[in-house]
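So the sequences go chain by chain: A and B. In this note's numbering, each residue carries its 1-based index in the first sequence increased by 4. In this note's numbering, each residue carries its 1-based index in the second sequence increased by 1199. Virtual Cβ for every residue (Gly too), placed ideally from N, Cα, C. Because the structure is a prediction, the values reported are computed rather than measured. The structure under discussion appears below in the form of structure tokens.
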Amino acid sequence: MPFLELQSLTKLYGDAVAVDGLSLVVEKGEFVSLLGPSGCGKTTTLQMIAGFLEPSAGTIRLGERDLTRIKPAARGLGIVFQSYALFPHMTAAENVAFGLEMRGVAKSEKAKRVAEALTLVGLAGLSDRYPRRMSGGQQQRVALARALVIRPDVLLLDEPLSNLDVKLREEMQVELRQIQRTVGTTTILVTHDQGEAMALSDRIVVMNRGRVEQVARPTDIYRAPASTFVANFLGKINVLPAIVTDGVVSIGASRWPAAGTTTNGAASVSIRPERIIFSESAGLAGTVKSRIFQGHHWLLHVATNAGLVAVIAPNDGRAIPDENAEVHLGWRADDMALANSERAS
Amino acid sequence: MSTAEITGGGRTPWLLAAPALLLFAGIVVVPIVMTVLLSFHDWGQYKGIETVITLKNWREIGTDSYFFEIFLRTFRIAVLVTAISVLIGTPEAYILNRMASPWRGLFLVIVLGPLLISVVARTLGWALLFGSTGLINVALVRLGIIASPMQFLFSETGVVIGLVHVLVPFVVISVWASLQRLDPQIENAAVSLGASGFRVLRRIVLPQVMPGILSGAIVVFTLAASAFATPAIIGGRRLKVVSTLAYDEFLNTLNWPLGAAVAVLLLIGLAAIIVGSNRLVERRYAQVFR
């Protein structure tokens, strides 16, 4: 059953199109990420859902309600801002209690729910601290507790982890996912960090220039990106020129069976570097140009007559070809994605 | 370079600071000390200033209700001006801060405009408006709001209006500065939690700009209590405040020691109020804003 439904949502600034006819259906309890580079319209979309920006066209529906023209204060959504936007003159508990106060929740219940929310985010002992005396991670948790305590229909997260350092960000990702699973609130996350989107989401919406490029589960979007843009945005990928003739894909001098039905002619093939293996004789021939050790894996660049190919080899004890070594690159036919030449750039 | 040179032991810092210290001492400390000493000297109609130490001037200020009345009036005017300036200046700053970009700059110039015009010219302008046949009275009578012209000139009301006009910009600047420090998302955060516009202002914005309001109020209070031109022109001879009193003692009566005592008392009073309210602000908001 659709829970949150965006229909041809559009935002224009003069002649500039910030969001261009975005349609999206989010199920109840789902965690969906809006992922894209800055200026792709993801934050504008979030602001329209929150009600801080009025859409130029399109509708926003939540369950049975049409939210499009409803004031932000009446939407009942929980929002975590990039800057956290905590109230600096209130303690952590007062910050969390604010939304309940605005709803006229009775004093005893208010205290109970504030304590619950602070415990949920692991801040039970810090309820009397002022935000200024808290670390970035703690402020982040207060912001999350403040958004969740009002039991919102939808939780909106605007780049919530971008101000934290890498280690803390990874910890918070795990925790955020756990908390979201516990309370089961439908969540929309805006991020430019593909790792964060893949780690947290049930589905990812990749956006570019105000349009949706692809909507899919993280594993699917990574395995089968719908466009070169999506492929490049989510991790490293090799895009090689190819020619399709009657179900056979020719890349350089190598031949591969084409998966699925394909039209004959010029095409491009995308393969993730970690799906490529070295083989003795079969596959695409080339010369190792460089190899870089990166701890849990090696990154190699192999010059072939189809262009430079990046290969990621796990550091699992197997021998890694030296620089200038002649190698053959192989992969399973399932691991390559075929696209028309027009879409490749 | 040796460590001693870096840590700067010895005379070097003093030598470097000496020009500024000398200037400060020459134009601030020495005149104040001399004024304080002057306030303890004696004065007589025919003998002039006598360099003896006496408490006569202080006793006179302490016992004569004439002085008490003037100090009380000055305090009352300063408090009123401060309160009205805060009530006008705070919303003004908030509205300015929310304006779109071309208008904001324009209106800021208009708000700060009074500071660009000479106090004397501006106050004489008010005197023209305030007269019994001035624009304000004529308009009020014609509109039937009042039956006969009101007394603005030589009245506390006139002085308060004139001072508010001059001093509101100081509140606007001060509140504006603290509004700039507000997280731009914080109002949205409050709104998303279900707060109405009024509650956002009262519960979220106001407490955060309070230090700005208070520091603006302190500036306005001190300037209003020590203002000279506006009370002199609009208040005239009849409605004396402390600064016009000191001026008259110095230049009309020529009783310099008494004038000095009045000036010193004003200085002490203002210093006490500034330090006191500063302490209050710091204690109240240290936890949150520092």
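| In chain order, what residues of the same chain lie with their CB nearer than 7 Å to the CB of B:Ser1425, ignoring the 5 residues before and after it? | Stepping through the second sequence from its first residue, residue 1425 of chain B is reached at position 226. The residues are Ser1442, Leu1465 and Leu1469.
| message | So, under 8 Å CB-CB, A:Thr47 and A:Lys15 are touching, yes? Tell me the CB distance rounded to an integer number of Å. | response | Sequence index remark: in the first sequence, residue 47 of chain A carries index 43 (1-based). Sequence index remark: in the first sequence, residue 15 of chain A carries index 11 (1-based). Wrong, their Cβ atoms sit about 11 Å apart, outside the cutoff.
| said: Looking at chain A, is there any beta carbon in it that lies within less than 9 Å of the beta carbon of B:Val1371? | reply: The sequence position of residue 1371 of chain B within the second sequence is 172, counting from 1. By this cut-off, B:Val1371 is not an interface position.
| request: Taking only beta-carbon positions, decide if A:Ser166 is within less than 9 Å of chain B. | output: Within the first sequence, residue 166 of chain A is the residue found at index 162, counting from 1. Judged by the 9 Å Cβ criterion, A:Ser166 is not in contact with chain B.
| request: Mind listing the chain B neighbours of A:Arg107? Cutoff is C-beta to C-beta under 7 Å, in chain order. | output: Reading the first sequence from its first residue, position 103 is the one you call residue 107 of chain A. Going along chain B in sequence order, the residues near A:Arg107 (Cβ under 7 Å) are Gly1393.
| task | Could you name the residues of the same chain whose beta carbon sits closer than 8 Å to that of A:Asp24, not counting the 5 residues immediately before and after it, in chain order? | result | Here residue 24 of chain A is taken as the residue at index 20 of the first sequence, counted from 1. Correct list, in chain order: Thr14, Gly45, Arg213, Gly214 and Arg215.
| said: Measuring straight from C-alpha to C-alpha, what distance separates A:Tyr88 and A:Arg133? | reply: For the purposes of this step, residue 88 of chain A is taken as residue 84 along the first sequence, with counting starting at 1. For the purposes of this step, residue 133 of chain A is taken as residue 129 along the first sequence, with counting starting at 1. Answer to the nearest angstrom: the Cα atoms are 16 Å apart.
| field | A:Ser352: contacting residues in chain B (beta-carbon distance under 7 Å) | value | Nothing about residue 352 of chain A can be reported from this structure: the residues present for chain A run from 5 to 349 only.
| Option in A:Leu152, A:Gly321, A:Gly82 and A:Asn309 with minimal Cα separation from A:His300 | Taking the first residue of the first sequence as 1, we reach residue 300 of chain A at position 296. The option with the nearest alpha carbon to A:His300 is A:Gly321.
| message | In chain order, what are the residue ranges of uninterrupted alpha helix (DSSP H) at least 4 long that sit wholly in the region 1335-1368 of chain B? | response | none
| task | Would you grab the beta carbon distance between B:Pro1430 and B:His1364 for me? Rounded to a whole angstrom, and I think it's under 8 Å. | result | Within the second sequence, numbered from 1, the residue matching residue 1430 of chain B stands at position 231. Within the second sequence, numbered from 1, the residue matching residue 1364 of chain B stands at position 165. In fact, because the Cβ distance is near 14 Å, the residues do not count as touching under 8 Å.
| request: Look at the Cβ atom of A:Ser131, then the Cβ atom of A:Thr95, and state whether they are nearer than 9 Å. | output: As a first step, residue 131 of chain A is located in the first sequence; it is residue number 127 there, counting from the start. As a first step, residue 95 of chain A is located in the first sequence; it is residue number 91 there, counting from the start. Inclusion of A:Ser131 and A:Thr95 in the CB contact set at 9 Å is warranted, their separation being smaller than that value.
| request: Check whether the Cβ atoms of A:Leu168 and A:Gly141 sit closer than 9 Å, and answer yes or no. | output: Residue 168 of chain A sits at position 164 when you count from the first residue of the first sequence. Residue 141 of chain A sits at position 137 when you count from the first residue of the first sequence. Taking 9 Å as the Cβ cut-off, A:Leu168 and A:Gly141 qualify as a contacting pair.
| Roughly how many whole angstroms lie between the Cα atoms of A:Leu240 and A:Arg207? | Position 236 of the first sequence, counted from the start, is the residue given in the question as residue 240 of chain A. Position 203 of the first sequence, counted from the start, is the residue given in the question as residue 207 of chain A. According to the sequence shown, residue 240 of chain A is Lys rather than Leu. Taking the straight line joining both Cα atoms gives about 20 Å.
| By a C-beta neighbour count over all protein chains shown, 10 Å radius and 16 as the cutoff for buried, is B:Met1298 buried or exposed? | Translated into positions along the second sequence, residue 1298 of chain B becomes position 99. Result: exposed.
| Chain-ordered chain A contacts of B:Val1390 [CB-CB under 7 Å] | Position 191 of the second sequence, counted from the start, is the residue given in the question as residue 1390 of chain B. Near B:Val1390 (Cβ distances below 7 Å), the residues of chain A are Pro76 and Ala77.
| query | Taking only beta-carbon atoms, is A:Leu50 less than 9 Å away from chain B? | reply | On the first sequence, position 46 is the one that residue 50 of chain A refers to. Cβ-Cβ to chain B under 9 Å: no for A:Leu50.
| Beta-carbon neighbours of B:Gln1379, restricted to chain A and to distances below 7 Å | Numbered from its first residue, the second sequence carries residue 1379 of chain B at position 180. None at all; the shortest Cβ gap to chain A is about 14 Å.
| said: Along the chain, where does the beta strand (DSSP E) containing B:Ile1523 start, and where does it finish? | reply: Since the first residue of chain B shown is 1200 and the last is 1489, residue 1523 of chain B is not available in this structure.
| Is there at least one Cβ from chain A nearer than 9 Å to B:Ile1433's Cβ? | Residue numbering aside, residue 1433 of chain B sits at position 234 when the second sequence is read from its first letter. False, the Cβ-Cβ gap to chain A never drops below 9 Å.
| Neighbourhood of B:Ala1217 by C-beta, 7 Å cutoff - its chain only, sequence neighbours within 5 removed | As a working mapping, residue 1217 of chain B is identified with position 18 in the second sequence. Excluding residues within five positions, none has a Cβ falling inside 7 Å.
| request: Give, in chain order, every residue of the region 90-101 of chain A whose Cβ lies closer than 7 Å to some Cβ of chain B. | output: Phe91, Pro92 and His93
| Inter-residue spacing [alpha-carbon to alpha-carbon] between A:Ile64 and A:Glu98 | On the first sequence, position 60 is the one that residue 64 of chain A refers to. On the first sequence, position 94 is the one that residue 98 of chain A refers to. Rounded to whole angstroms, A:Ile64 to A:Glu98 spans 32 Å at the Cα level.
| query | In whole angstroms, what separates the C-alpha of B:Ala1423 from that of B:Gln1350? | reply | Position 224 of the second sequence, counted from the first residue, corresponds to residue 1423 of chain B. Position 151 of the second sequence, counted from the first residue, corresponds to residue 1350 of chain B. One C-alpha to the other measures close to 21 Å.
| field | Minimum Cβ-Cβ distance from A:Gly421 to chain B less than 9 Å | value | Here chain A has residues from 5 to 349 only, and residue 421 of chain A is not among them.
| query | Does the beta-carbon distance from A:Thr189 to A:Leu165 come in below 9 Å? | reply | On the first sequence, position 185 is the one that residue 189 of chain A refers to. On the first sequence, position 161 is the one that residue 165 of chain A refers to. Not in contact: A:Thr189 and A:Leu165 (Cβ atoms no closer than 9 Å).
| request: Enumerate in chain order the residues of its own chain whose CB-to-CB distance from B:Gly1475 is below 7 Å, with the five nearest sequence positions on each side excluded. | output: The residue given as residue 1475 of chain B occupies position 276 in the second sequence. Nothing meets the Cβ criterion.
| How big is the Cα-Cα spacing for B:Val1367 and B:Ser1238? | Along the second sequence, read from residue 1 onward, the residue named residue 1367 of chain B stands at position 168. Along the second sequence, read from residue 1 onward, the residue named residue 1238 of chain B stands at position 39. Roughly 34 Å between the two C-alpha positions.
| task | For A:Glu200, count neighbouring Cβ atoms within 10 angstroms of its own Cβ and tell me buried if that reaches 16, exposed if not. | result | Taking the first sequence and counting its residues from 1, the one referred to as residue 200 of chain A is at position 196. A:Glu200 comes out buried.
| query | In angstroms, rounded to a whole number, what distance separates the CA positions of B:Ala1291 and B:Arg1210? | reply | Numbered from 1 along the second sequence, position 92 holds the residue referred to as residue 1291 of chain B. Numbered from 1 along the second sequence, position 11 holds the residue referred to as residue 1210 of chain B. First, the amino acid is wrong: residue 1291 of chain B is Glu here, not Ala. So the alpha carbons of these two residues sit roughly 51 Å apart.
| For B:Thr1452, the nearest candidate out of B:Ile1316, B:Ile1248, B:Val1359 and B:Asp1263 (CA to CA) | Mapped onto the second sequence, residue 1452 of chain B falls at position 253. It is B:Ile1248 whose Cα lies nearest to the Cα of B:Thr1452.
| field | Three-pair Cβ contact test at 8 Å for the region 1242-1261 of chain B versus the region 1447-1461 of chain B | value | yes
| Reference B:Leu1323; option with closest CA among B:Ile1467, B:Gly1434 and B:Val1463 | Here residue 1323 of chain B refers to the residue found at position 124 of the second sequence. Relative to B:Leu1323, the option among B:Ile1467, B:Gly1434 and B:Val1463 whose CA is nearest is B:Gly1434.
| request: Identify the continuous alpha helix (DSSP H) that holds B:Gly1312 and give its terminal residues. | output: Numbered from 1 along the second sequence, position 113 holds the residue referred to as residue 1312 of chain B. B:Gly1312 -> alpha helix (DSSP H) spans Ser1300 to Leu1315.
| task | Could you name the residues that DSSP lists as bridge partners for A:Trp302? | result | Residue mapping note: residue 302 of chain A aligns to position 298 of the first sequence, counting from 1. Bridge partners of A:Trp302: A:Phe297 and A:Ala317.
| Out of curiosity, what's the CA-to-CA distance linking B:Gly1141 and B:Pro1212? | Because chain B is modelled from 1200 through 1489, residue 1141 of chain B falls outside the range shown and cannot be assessed.
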